[in-house]
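Just so you know, the protein sequences line up as chains C and R, in that order. In this text, residue positions in the first sequence follow this note's numbering: the first is 1, and each later residue adds one. In this text, residue positions in the second sequence follow this note's numbering: the first is 1001, and each later residue adds one. What follows is a short report on a single structure.
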Amino acid sequence: MTHLEKIESQSVYILREAHHHFRNLAMLWSIGKDSTVMLWLARKAFFGHVPFPLVHIDTDFKIPEMIRYRDKLALDWKLNMITGRNEQALQEGRTFPAGKLTRVECCKTLKTDALVNTLSGKWPRYRMDHATGKYVPDTNKEPYTGVIVGARADEEGSRSKERYFSPRDKESNWEVGDQPPELWNQFKTDFAPGTHIRVHPLLDWTELDIWEYIEKEKIPVVPLYFDQGKGERYRSLGCYPCTFPVKSTAKNVKEIIEELKTGKFRNIAERSGRAQDKEDGGGLETLRREGYM
Amino acid sequence: MNIVIVGHVDHGKSTLVGRLLADTGSLPEGKLQQVRDECQRTAKPFEYAFLLDALKDEQSQGITIDTARVFFKSKKREYILIDAPGHIEFLKNMVSGAARAEAALLVIDAEEGIQENSRRHGYLLSMLGIRQVAVCVNKMDRVGYKQEVFDRIQKEYRVFLKEIDLEPRAFIPLSALEGENLITPSKKLPWYRGPAVLEMLDSFEKSPDISARPFRMPVQGIYKFTEDEDTRRIVAGRVESGSLSVGDSVVFLPSGKRSQIKTIEAFSAPKRTSVTAGHSTGVTLTEQVYVNRGDVMCRVKEPLPGVSSLLRVKLFWMGKRPMVLDRPYKLKVAAAQVSVRLKKIERVIDASELKPAAKKEIGRHDVAQCVLQAASAVAFDLMHDLEATGRFVIVDEVDIAGGGIILEMIEDGHDALRRQVTEREQKWDFSVVEPEERTKRYGHRPAFVLLTGKVGVDKKTIAKELEKRLFGLHGAATYFLGMGNLLRGLNTDVEQHRLERHEHVRRMGEVAHLFLDAGLIVVATGSNINDAELSELHEMTSREGMVVVNVGPNGFKSAVVDLNLDPVAGTEKNVRNILQLLKDRKILRDA
Ligand SMILES: Nc1nc2c(ncn2[C@@H]2O[C@H](COP(=O)(O)OP(=O)(O)O)[C@@H](O)[C@H]2O)c(=O)[nH]1
């Protein structure tokens, strides 16, 4: 077996376990390359079908190309597409772009809060109507008790402590110090009422694995990842006010792989184009504890 | 390759890992300097551990609380180093880390010598089936790089490893802090002829190819997705050992159902006619048989797994409360899950001393040899034959609390009945409506809830109230199966005599089985049911769906009861407890 075959098999195994154990299961799809690979792995696991909804948190500041791409794939692949957002904050202009919040506060408001409340069903969810391609209010308000997330262990220190199945308490908090044991592919699939479990099928993948798999499987990704002739491209996607392209002339997946293997990005962290990470020392760690992906 | 680093707390694991990363140039640019600067700013001496401890609260506690995974590369290959915590409180984290590894480095402080966790970790490595172990005698700088110190530790630890049946690949003297004997042989250790740490890592072998062993595929699920007129009924799982080809005759255990492989399915991949160990796959069958999740698919012509409800095992316990004789637990072997109880403790090894002790329970961090009684049969291999189907975990309520390996199968005397049930299933004329479709429609999985207890204990009131609640509140398709109704109807040809009791129980089981097949939650009561009758009912209704609730004094000797109720608690509370159990079992929706 090749390395890619091995990690693919493990991810598929995890997705199938999640599907069996959680009746209210959802997959977070950020539209980025990682969660798109994860979505592809779900199609692998379930032979072309995706038997759970995909949840996307819309901050209203996503690069428009990302939303177009999301809706196109949702239609083509017949996905049960759900979106949620912090409507109140957006209406009141409580955001970083509006000058009212810092970057980290804005992430918490538009992403974490929206995510937590969309997952719990407290705030409205919108579901894509495949007949029209438009989003309509979703009638299902049950909390998702299993949430599949595309975190990778190589992304940053704190994630390398994760489990494939990681419990979160009622407030979506993560008890880093007291995680359940995980051995021999037996995962924590039972949980107390009110709590939920985060499932991480991509924990063993590296950024390079992701791109090599995209190349091998010919998975469609947002063109923002490629240089469109301006000598820059996005390495990691987010909201436009806080995500900046990196200098690179990689025009396709092959060139990105080459660049990662040999080029200048070899030893530079992937999220270096994300402004909110730099704002305070443990910013991302704090966000995670509070429930951000 | 996955390598785990274990050892007693403060013996230098993090330093070893940090130093390996630094000296092989595997750190992100500027990272080392950033941590050094941070230490200077806070006036703390620099530690390699800080490099790894990316988490805030960890740094304040100063101990590795969880397994951290770091990536690094030698000239030969890529590694994932798993830095497992040495502190006793975090044993479950150490186990989680070590369970993923193909080889291990066990670190011992030359100055402090062998400590409690040096032994405990050695023991766990051997139980986890990690055969490639190198012992690193660290902090040689503290003992003047003296050979006597190294030799003494080596001698003492070898004796211990021999006892637990573990043959180490090497003993390596080193100083992680000073980087001696890490990447290249050290001039300060002229008396040492063996490999440096990196050379040792490069000499570990990849895990042996298990494609040539007997075929095992634990069934993770049976998929029938109806969208897009997909008519395939796919049995999905990962091939844990062996290989499989289209046309092979297969048997599913413990149910014993047989069929033949029609196709091997895959999404967006070239068509294939065979599949080997390691791959997650799915197959369709020529002849439809109803397979349960947890069944193990095997090839008919190969050595088959054992099938029994009695197992002799060795396990280690990580639960906050001890494992005791009369509490029900869940046993998970590969994809199978059954209720289980601890039938007999044969030997407990006190973890700190690792000496046998006479104990009535298995405490936290203990290792024990014991006999487990499962509610119904499971299919399994012995650990030394096949690993993936030879090990298990024990779940206490909602937490994985123990793990272990299967040493031996014990006959449970139900083979004849099992054959009979297999025959029934093999010839069963199946409905075109799939069980999964019924589950979707009714919003719950089928179940047989049997309330047992002594004559005179009121079970019927609880049973009927349960039926009412299920039907009303949960909108369940449910039915109270009255034993009296059977006696005066279906069973009029059978005398109401003690000798005929067996036939009555058999008919009750078969009727319950029909209701399960129809997707219902059937509720029944039975007085003075004994151990043998209960396991027969389990066999007849074929596992997953049976839930045993005992009311009042528990008269069973070894049978597994899923829930014990006290009649004094009142019907309301008792019914609520049963409903919660049905949720825990994922029979009712979890919301
Ligand atoms: N003198 C000396 N000190 C060491 C060596 N390796 C580690 N240490 C020190 O021992 C302490 C514990 O090391 P650490 O790597 O955190 O241990 P861990 O708990 O096993 O991860 C730290 O203060 C290290 O600096 C060594 O080879 N020589």
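Cβ atoms here follow ideal geometry from the backbone N, Cα and C, with glycine treated the same way. Small disclaimer: the values here were computed from a predicted structure and weren't measured.
Fill in: Contact belief for isoleucine 1349 of chain R with alanine 1368 of chain R at Cβ below 8 Å, rounded distance in angstroms
The sequence position of residue 1349 of chain R within the second sequence is 349, counting from 1. The sequence position of residue 1368 of chain R within the second sequence is 368, counting from 1. At roughly 7 Å, the Cβ-Cβ gap stays under 8 Å, so isoleucine 1349 of chain R and alanine 1368 of chain R are in contact.
Worksheet item: What residues match up with lysine 1459 of chain R in a beta bridge as DSSP calls it?
Response: Numbered from 1 along the second sequence, position 459 holds the residue referred to as residue 1459 of chain R. For lysine 1459 of chain R, which the question treats as bridged, DSSP gives no partner whatsoever.
Practice prompt. Taking only heavy atoms of ligand 1 into account, decide whether any of them is closer than 8 Å to the Cβ of histidine 1008 of chain R.
Written response: Counted from its first residue, the second sequence places residue 1008 of chain R at position 8. Under cutoff, so the answer is yes.
Discussion item. Less than 9 Å between the beta carbons of leucine 28 of chain C and glycine 150 of chain C, yes or no?
Written reply: Your numbering for residue 28 of chain C matches position 28 in the first sequence. Your numbering for residue 150 of chain C matches position 150 in the first sequence. Cβ atoms of leucine 28 of chain C and glycine 150 of chain C: closer than 9 Å.
Discussion item. Taking beta-carbon pairs under 9 Å, can you tell me which members of the stretch 1211 to 1230 of chain R lie near chain C?
Written reply: Result list: Gln1220, Gly1221, Tyr1223, Phe1225, Glu1227, Asp1228, Asp1230.
Worksheet entry | Cα-Cα separation between tryptophan 184 of chain C and histidine 1538 of chain R, rounded to whole angstroms | The residue labelled residue 184 of chain C in the question sits at position 184 within the first sequence. The residue labelled residue 1538 of chain R in the question sits at position 538 within the second sequence. Roughly 27 Å separates the two Cα atoms.
Item to complete: State the start and end residues of the unbroken alpha helix (DSSP H) segment that holds glutamine 91 of chain C.
Response: For this step, residue 91 of chain C is matched to residue 91 along the first sequence. Note, glutamine 91 of chain C: alpha helix (DSSP H), 87 to 92.
Worksheet item: Are the C-beta of asparagine 117 of chain C and some C-beta of chain R separated by less than 9 Å?
Response: Working through the first sequence from its first residue, we reach residue 117 of chain C at position 117. Cβ-Cβ to chain R under 9 Å: no for asparagine 117 of chain C.
Fill in: Any chain C beta carbon closer than 9 Å to serine 1280 of chain R
Taking the first residue of the second sequence as position 1, residue 1280 of chain R is located at position 280. Taking Cβ atoms only, chain C reaches closer than 9 Å to serine 1280 of chain R, which makes this a yes.
Item to complete: Could you work out which residue in C/Ser166, C/His20, C/Tyr225 is closest to tyrosine 234 of chain C when comparing CA atoms only?
Response: Mapped onto the first sequence, residue 234 of chain C falls at position 234. Looking at the Cα atoms, C/Tyr225 is the closest of the given residues.
Item to complete: Have a look at R/Gly1484, R/Gly1519, R/Arg1576 and flag the residue whose alpha-carbon is nearest the alpha-carbon of glutamate 1437 of chain R.
Response: Residue mapping note: residue 1437 of chain R aligns to position 437 of the second sequence, counting from 1. The shortest C-alpha separation from glutamate 1437 of chain R is found at R/Gly1519.
Worksheet item: Which residues, taken in chain order from the stretch 48 to 71 of chain C, show a beta carbon closer than 8 Å to some beta carbon of chain A?
Response: Chain labels in this structure do not include chain A; the protein chains are C and R.
Worksheet item: Pick from C/Ile63, C/Gln228, C/Ile67, C/Trp205: whose alpha carbon is nearest that of valine 55 of chain C?
Response: Numbered from 1 along the first sequence, position 55 holds the residue referred to as residue 55 of chain C. Answer by Cα proximity: C/Ile67.
Discussion item. Considering only the alpha carbon of each residue, which of R/Leu1581, R/Asn1550, R/Val1004 lies closest to histidine 1121 of chain R?
Written reply: Position 121 of the second sequence, counted from the first residue, corresponds to residue 1121 of chain R. Ranking the options by Cα distance to histidine 1121 of chain R, first place goes to R/Val1004.
Item to complete: Give the DSSP-derived three-state secondary structure of asparagine 1002 of chain R in the structure shown.
Response: Here residue 1002 of chain R corresponds to residue number 2 of the second sequence, with the count starting at 1. Looking at asparagine 1002 of chain R - three-state DSSP - the assignment turns out to be strand.
Worksheet item: Relative to chain C, which residues along the stretch 1256 to 1277 of chain R have a C-beta separation below 7 Å, given in chain order?
Response: Glu1265, Phe1267, Ser1268
Fill in: Burial state of glutamate 303 of chain C (16 or more Cβ within 10 Å)
With chain C covering only 1 through 293, there is no way to say anything about residue 303 of chain C.
Worksheet item: Taking all protein chains shown into account, do 16 or more other C-beta atoms lie within 10 angstroms of the C-beta of histidine 1384 of chain R, making it buried, or fewer, making it exposed?
Response: In the second sequence, the residue the question calls residue 1384 of chain R occupies position 384. So histidine 1384 of chain R counts as exposed.
Discussion item. List, in chain order, every chain C residue whose beta-carbon is nearer than 8 Å to that of lysine 1586 of chain R.
Written reply: Here the question's residue 1586 of chain R lines up with position 586 in the second sequence. Within 8 Å Cβ-Cβ: His21, Arg23.
Worksheet entry | C-alpha distance - arginine 1441 of chain R paired with aspartate 1010 of chain R, whole-angstrom precision | Within the second sequence, numbered from 1, the residue matching residue 1441 of chain R stands at position 441. Within the second sequence, numbered from 1, the residue matching residue 1010 of chain R stands at position 10. Computed Cα separation, rounded: 57 Å.
Worksheet item: Helix or strand or just coil, what does DSSP make of histidine 1011 of chain R?
Response: To locate residue 1011 of chain R, count along the second sequence from 1; it is residue 11. Correct three-state label for histidine 1011 of chain R: coil.
Fill in: Cβ pair valine 1197 of chain R, leucine 1177 of chain R closer than 9 Å
Your numbering for residue 1197 of chain R matches position 197 in the second sequence. Your numbering for residue 1177 of chain R matches position 177 in the second sequence. Their beta carbons are not under 9 Å apart, which means valine 1197 of chain R does not touch leucine 1177 of chain R by this criterion.
Item to complete: Using DSSP bridges, identify the partner residues of glycine 1472 of chain R.
Response: In the second sequence, the residue the question calls residue 1472 of chain R occupies position 472. Glycine 1472 of chain R pairs with nothing; no bridge assigned.
Fill in: Secondary structure of aspartate 1584 of chain R, DSSP reduced to three states
Here the question's residue 1584 of chain R lines up with position 584 in the second sequence. Helix, per DSSP.
Worksheet item: What are the boundary residues of the alpha helix (DSSP H) that includes tryptophan 211 of chain C?
Response: Reading the first sequence from its first residue, position 211 is the one you call residue 211 of chain C. Taken as a continuous stretch (DSSP letters only), the alpha helix (DSSP H) holding tryptophan 211 of chain C covers 207 to 217.
Worksheet item: Are the beta-carbon atoms belonging to threonine 1452 of chain R and asparagine 1577 of chain R less than 9 Å from one another?
Response: Against the second sequence, residue 1452 of chain R aligns to sequence position 452. Against the second sequence, residue 1577 of chain R aligns to sequence position 577. No, the Cβ-Cβ distance between threonine 1452 of chain R and asparagine 1577 of chain R is not below 9 Å.
Discussion item. Between which residues of its own chain and glycine 1509 of chain R is the CB-CB distance below 7 Å, once the five residues before and five after are set aside?
Written reply: If you number the second sequence from 1, residue 1509 of chain R lands on position 509. Result list for glycine 1509 of chain R: Glu1536, Leu1537, Met1540, Thr1541, in chain order.
Item to complete: Look at the Cβ atom of alanine 1098 of chain R, then the Cβ atom of alanine 1084 of chain R, and state whether they are nearer than 9 Å.
Response: Working through the second sequence from its first residue, we reach residue 1098 of chain R at position 98. Working through the second sequence from its first residue, we reach residue 1084 of chain R at position 84. Yes, the pair counts as a contact, with Cβ atoms nearer than the cut-off.
Worksheet entry | Reference arginine 1364 of chain R, options R/Leu1166, R/Gly1403, R/Ser1026, R/Gly1475, closest by Cα | Taking the second sequence and counting its residues from 1, the one referred to as residue 1364 of chain R is at position 364. Arginine 1364 of chain R has its Cα closest to that of R/Gly1403, out of R/Leu1166, R/Gly1403, R/Ser1026, R/Gly1475.
Worksheet item: Do threonine 83 of chain C and arginine 152 of chain C have their CB atoms nearer than 9 Å?
Response: Counted from its first residue, the first sequence places residue 83 of chain C at position 83. Counted from its first residue, the first sequence places residue 152 of chain C at position 152. For threonine 83 of chain C and arginine 152 of chain C, no; Cβs fall outside 9 Å.
Item to complete: Please compile the residues from chain C whose C-beta is within a distance smaller than 9 Å of the C-beta of valine 1393 of chain R.
Response: Position 393 of the second sequence, counted from the start, is the residue given in the question as residue 1393 of chain R. By Cβ distance, chain C contributes Pro181, Leu183, Trp184, Gln186.
Worksheet item: Are the stretch 109 to 126 of chain C and the stretch 243 to 260 of chain C touching by the rule of at least three beta carbon pairs closer than 8 Å?
Response: no
Discussion item. Taking CB distances under 9 Å as the criterion, tell me whether lysine 1076 of chain R reaches chain C.
Written reply: Here residue 1076 of chain R corresponds to residue number 76 of the second sequence, with the count starting at 1. Closer than 9 Å: no.
Fill in: Validate contact between the stretch 1443 to 1461 of chain R and the stretch 1546 to 1565 of chain R using beta carbons, cut 8 Å, 3 pairs
yes
Worksheet item: For leucine 1021 of chain R, which residues of its own chain have a beta-carbon under 7 Å away from its beta-carbon, when the five flanking residues on both sides are left out?
Response: Within the second sequence, the letter at position 21 stands for residue 1021 of chain R. Contacts found: Leu1027, Val1070, Phe1072.
Discussion item. Using only the alpha-carbon positions, how far apart do isoleucine 1587 of chain R and leucine 15 of chain C sit?
Written reply: Along the second sequence, one-based indexing puts residue 1587 of chain R at 587. Along the first sequence, one-based indexing puts residue 15 of chain C at 15. Between isoleucine 1587 of chain R and leucine 15 of chain C, the C-alpha separation is close to 20 Å.
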